[in-house]
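With the UniProt record's numbering applied, the sequence shown covers 1 to 255.
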Amino acid sequence: MASLKDRARKAKTIFSLDSPTSTFLTPQWPVIAPQTASAALAAITTLLTDLEELRASSSSSDDTKPNLLVGPNPVTTHLEQLASSSIPISLTKPGNAPSASPKKPVRNLLAVFVTRSDQPSQLHSHLPFLCSISSIPLIALPKTSEQKLVKLLKPSNGRVYMIAVFSDSPGSDVIRQALYNEEGGIIVGKVDLPDVFKTSQVGWLETKHKTIETFVGQPKKKRRQDEKDDMEGVESTTAVKEDKATKKKLKKDAK
């Protein structure tokens, strides 16, 4: 007879389809050497210092364009706008719809810096995909970098999760020299496109199955019935043993 524990933990095998590769739809974070990450932190720190000095010395308030985006919401929103602007208008409207007006230009970003080690992954797991679409360097800063950035930016919530630098920001050359080569190619923080978007690697991918063995519990009603049956079985077995013992004793006394 199976025990209650064995009945409650009945093994079950589940089969499902898995992604052909780990980067089929989700690109990976760029691998950056610790020395390079420290140099990137020094570059963004220099830029923030220069911008603060420029703001303090400037007497004109006509230019309202921001030089930076700070925080998950502003950075994510702008990356989504950049990704949307790269889609041809012909793909976003029905075939019989009138010609849409040209899309409003979106300011390009030079790079996105993330204090990845100082925050939960839910805040930045979407960034590699968005940065790969728009070819924007994605830099994971060294651990404890957030403390230095908080001292410079002094945010109201006391946190600096990520910073996006516009390509036309004053003093952005220090970032450009650290992340790009002379031809404008990304040398630090380049995010590769997911495999499904790489036209140069089009080919047949074998179906990948994933097998998981897990344990499932029994319904409450069924479990109670099994417990009742087990108790009745135990009582019946005990009664039989007692009856045999009684008969054996009677035979012994009769002799």
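Glycine residues also receive a C-beta, built at the ideal position from the N, C-alpha and C atoms.
Predicted model only: the values in this text are computed from it and were never measured.
What number of angstroms, rounded off, separates the C-alpha of A11 from the C-alpha of I212? By 1-based counting over the sequence shown, the position of residue 11 is 11. By 1-based counting over the sequence shown, the position of residue 212 is 212. Looking at the two C-alpha atoms, the distance is approximately 10 Å.
Beta bridge counterpart(s) of I186 as assigned by DSSP: If you number the sequence shown from 1, residue 186 lands on position 186. Answer is Y180.
Thinking C-alpha only, which one of V150, G171, R176 is nearest I136? As a working note, residue 136 is residue 136 in the sequence shown. It is R176 whose Cα lies nearest to the Cα of I136.
Say the cut is 8 Å; is the CB of S16 nearer than that to a heavy atom of the ligand MN? As far as ligands go, the structure on display features none, and thus does not contain the ligand MN.
If you compare alpha carbons, which of V31, T49, S38, T36 is closest to G171? Position 171 of the sequence shown, counted from the first residue, corresponds to residue 171. Ranking V31, T49, S38, T36 by Cα distance to G171 puts T49 first.
Measuring CA to CA, which of L127, L149, T214, K143 is closest to A83? Position 83 of the sequence shown, counting from 1, holds the residue named residue 83. Out of L127, L149, T214, K143, L127 has the C-alpha closest to the C-alpha of A83.
Please classify P120 as buried or exposed, where buried requires at least 16 neighbouring CB atoms within 10 angstroms. Translated into the one-based positions of the sequence shown, residue 120 becomes position 120. Per the 10 Å Cβ criterion, exposed.
Could you compute how far the alpha carbon of M1 sits from the alpha carbon of R224? As a working note, residue 1 is residue 1 in the sequence shown. As a working note, residue 224 is residue 224 in the sequence shown. Any reading at M1 must be qualified, since the residue scores a pLDDT of 48, below 50, and its modelled position is unreliable; no value is offered.
Local Cβ density within 10 Å of P155, reported as buried at 16 or more and exposed below that: Translated into positions along the sequence shown, residue 155 becomes position 155. P155 is exposed by the Cβ-count criterion.
Cross-strand partners of F166 (DSSP beta bridge): On the sequence shown, residue 166 is found 166 positions in, with the first residue counted as 1. Partner(s): L109.
Quick one: grab the DSSP three-state call for M1. If you number the sequence shown from 1, residue 1 lands on position 1. With a pLDDT of only 48 at M1, under 50, the local geometry of the prediction cannot be trusted, and the value read off the model is given with reservation. Coil at M1, not helix or strand.
What is the DSSP secondary structure of T13, counted as helix, strand or coil? Looking up residue 13 in the sequence shown gives position 13. T13 falls in the strand class under three-state DSSP.
What separation, rounded to the nearest whole angstrom, lies between the Cα atoms of L149 and E80? For this step, residue 149 is matched to residue 149 along the sequence shown. For this step, residue 80 is matched to residue 80 along the sequence shown. Near 25 Å, if we compare the C-alpha coordinates of E80 and L149.
Neighbourhood of V70 by C-beta distance below 6 Å, restricted to the same chain and skipping five residues each side: Counted from its first residue, the sequence shown places residue 70 at position 70. Closer than 6 Å at Cβ, skipping near neighbours: I163.
Kindly identify the DSSP beta-bridge partner or partners of V114. On the sequence shown, residue 114 is found 114 positions in, with the first residue counted as 1. Answer by DSSP bridge pairing, in chain order: A140, M162.
Whose C-beta lies closer than 6 Å to the C-beta of N181 among residues of the same chain, with five residues either side of it excluded? Position 181 of the sequence shown, counted from the first residue, corresponds to residue 181. Residues I187 of the same chain have their beta carbon placed closer than 6 Å to that of N181, with the five preceding and five following residues left out of the count.
N-terminal and C-terminal residue of the beta strand (DSSP E) that L68 is part of: Taking the first residue of the sequence shown as 1, we reach residue 68 at position 68. It spans 68 to 70 - the beta strand (DSSP E) in which L68 sits, taken as one unbroken run.
Let me confirm a value: I32 is counted as buried when at least 16 other C-beta atoms fall within 10 Å, else exposed. Which label applies? Reading the sequence shown from its first residue, position 32 is the one you call residue 32. That one is buried.
Residues near V106 in its chain [Cβ-Cβ closer than 6 Å; skip 5 each side]: For the purposes of this step, residue 106 is taken as the residue at position 106 of the sequence shown. Same-chain partners within the cutoff: Q81, L82, S85.
Which residues mark the beginning and the end of the alpha helix (DSSP H) in which P128 is found? The residue you call residue 128 lines up with position 128 of the sequence shown. Residues 127 to 134.
What is the residue span of the alpha helix (DSSP H) that V150 lies within? Here residue 150 corresponds to residue number 150 of the sequence shown, with the count starting at 1. Counting along the chain, the alpha helix (DSSP H) containing V150 begins and ends at 145 to 153.
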